[in-house]
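Trainee:
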């Protein structure tokens, strides 16, 4: 563990808040309980329609490290990028307003980043909790975690199954956002896109196989909203990864073959071909800067293809 002197004020915690009045206190308490390693907790309410903002402000009384602002509803990616821009510490950790960190999480992940200066992002294993904060099993996660650990290629592993699961699992060097840009404006897969962007740019992700955060499963999880739209986001992100490999095809023949196999396994090849045609016609440095994100006509075609 880090000494108090080594750890003090090294992490900015960004908390995007939206309609989580029942959960925000638990999330904020778990951030404050990380100790002096937390320099600031930046809460941005994204136009909540419930009591979230009032409850967060009430909790912040007597907690000077917590800074709260609000905005009109703009979506997770916009909210996160605003929070990152406000962050002033060496590291940025994201905590979604319905999740909970285990005690000592930030100490462990920052220690991992200190021990390996080549790491740009550190993440951990997860547990899962329900509305009542009771731990529950997630058979899908248990299965793909084992496959993730066995696979040697991180990019392909993430393309196959987003084991990072959530931005709440990200502890990132602040400078990485300046170097590679912020989150793409995707409703469901901005976390996956950011992880794959790191790998495409030769950046490394460290993973501690220990449950250091609890992902809350409830009826209003964003990922549960629209299965087809989730798959469209996944198809766009995975296809941009594949398109980037194809641009260096002579060096990536095996990876390209494996990427196509993954897409076929998940019945995403039809959507992927549509995306690849788009990226060829409208090349961009990252999906975050691609015109595809605002192209409603092509995205409608993708809905039919997934």
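Numbering (full-length UniProt numbering), first residue to last: 1 to 306. Ideal Cβ positions, reconstructed from N, Cα and C, are used throughout, including at glycine.
Could you tell me which whole alpha helix (DSSP H) segments of length 4 or greater appear in the segment 206-266?
Mentor: Whole alpha helix (DSSP H) segments, 4+ residues: 227-246, 253-265.
Trainee: Measure the C-alpha to C-alpha separation of residue 118 and residue 50 and round it to an integer number of angstroms.
Mentor: 42 angstroms
Trainee: Let's see if you can read the secondary structure: which residues bound the beta strand (DSSP E) around residue 318?
Mentor: Absent from the model: residue 318. The displayed extent of the chain is 1 to 306, so no value can be given.
Trainee: Whose C-alpha, out of 30, 110, 39, 172, is nearest the C-alpha of residue 8?
Mentor: From the listed residues 30, 110, 39, 172, the smallest Cα separation to residue 8 is found for 39.
Trainee: I want to see whether chain B comes within less than 7 angstroms of residue 167, judged by CB atoms only; does it?
Mentor: This model lacks chain B altogether; it includes just one protein chain.
Trainee: Which value, in whole angstroms, describes the spacing of the CA atoms of residue 133 and residue 278?
Mentor: 44 angstroms
Trainee: By alpha-carbon positions, which one of 237, 182, 53, 125 ends up nearest to residue 299?
Mentor: 237
Trainee: Are the segment 259-270 and the segment 180-198 touching by the rule of at least three beta carbon pairs closer than 8 angstroms?
Mentor: no
Trainee: If you count every other CB in all the chains shown that lies within 10 Å of the CB of residue 172, and 16 or more means buried, which is it?
Mentor: buried
Trainee: Take the Cβ of residue 63 as the centre, count every other Cβ of all protein chains shown within 10 Å, and call the residue buried at 16 or more, exposed below.
Mentor: exposed
Trainee: Indicate whether the contact test is met: 3 or more Cβ pairs, each with one atom in the segment 126-143 and one in the segment 74-90, closer than 8 angstroms.
Mentor: no
Trainee: Let me know if residue 190 comes out buried or exposed under the rule of 16 or more other beta-carbons within 10 Å of its beta-carbon.
Mentor: buried
Trainee: Measure the CB-CB distance between residue 157 and residue 148 and report whether it falls below 7 angstroms.
Mentor: Going by C-beta atoms, residue 157 is nearer than 7 angstroms to residue 148.
Trainee: Whole angstroms are fine: how far does the CA of residue 160 sit from the CA of residue 32?
Mentor: 34 angstroms
Trainee: Residue 66 and residue 41: beta carbons closer than 7 angstroms?
Mentor: yes
Trainee: For residue 195, which of 141, 155, 290 has the nearest alpha-carbon?
Mentor: Checking every option, the nearest Cα to that of residue 195 belongs to 155.
Trainee: Enumerate, from N- to C-terminal direction, the unbroken alpha helix (DSSP H) stretches of 4 or more residues contained entirely within the segment 56-81.
Mentor: none
Trainee: Going by the beta-carbon positions, is the gap between residue 48 and residue 94 smaller than 7 angstroms?
Mentor: no
Trainee: Give the single residue among 12, 144, 55, 252 whose Cα lies nearest to the Cα of residue 34.
Mentor: 12
Trainee: Tell me, to the nearest whole angstrom, how far the beta carbon of residue 214 is from that of residue 100; I am working on the premise that it is less than 8 angstroms.
Mentor: 5 angstroms
Trainee: Is the separation between the beta-carbon of residue 296 and that of residue 290 shorter than 7 angstroms?
Mentor: no
Trainee: Beta-carbon separation of residue 43 and residue 68 under 7 angstroms?
Mentor: With respect to residue 68, residue 43 sits close: the two C-beta atoms are nearer than 7 angstroms.
Trainee: Is residue 26 buried or exposed, if buried means 16 or more other CB atoms sit within 10 Å of its CB?
Mentor: buried
Trainee: If I follow the unbroken alpha helix (DSSP H) through residue 174, where does it start and stop?
Mentor: 174-180
Trainee: Do you know whose CA, among 208, 102, 304, lies nearest residue 123's CA?
Mentor: Cα-wise, what sits closest to residue 123 is 208.
Trainee: Can you list, in chain order, the residues of its chain whose CB lies under 7 angstroms from that of residue 112, leaving out five sequence neighbours each side?
Mentor: 119, 122, 206, 208
Trainee: For residue 136, does the count of other Cβ atoms within 10 angstroms reach 16, so buried, or fall short, so exposed?
Mentor: The residue in question, residue 136, is exposed, as its Cβ has fewer than 16 Cβ neighbours within 10 Å.
Trainee: With H, G and I counted as helix, E and B as strand and the rest as coil, what does DSSP make of residue 7?
Mentor: helix
Trainee: Starting from residue 25, trace the beta strand (DSSP E) both ways and give me its first and last residue.
Mentor: Note, residue 25: premise wrong, no beta strand (DSSP E); alpha helix (DSSP H) at 24-32.
Trainee: Taking all protein chains shown into account, do 16 or more other C-beta atoms lie within 10 angstroms of the C-beta of residue 115, making it buried, or fewer, making it exposed?
Mentor: Of the residues assessed, residue 115 falls on the exposed side of the cut-off, its CB having fewer than 16 other CB atoms within 10 angstroms.
Trainee: Just to confirm, are residue 91 and residue 197 a CB contact at a threshold of 7 angstroms?
Mentor: Contact: no.
Trainee: Quick check on this structure: which residue in 178, 142, 174 has the alpha carbon closest to the alpha carbon of residue 163?
Mentor: Of all alpha-carbon atoms in 178, 142, 174, the one lying nearest the alpha-carbon of residue 163 is that of 142.
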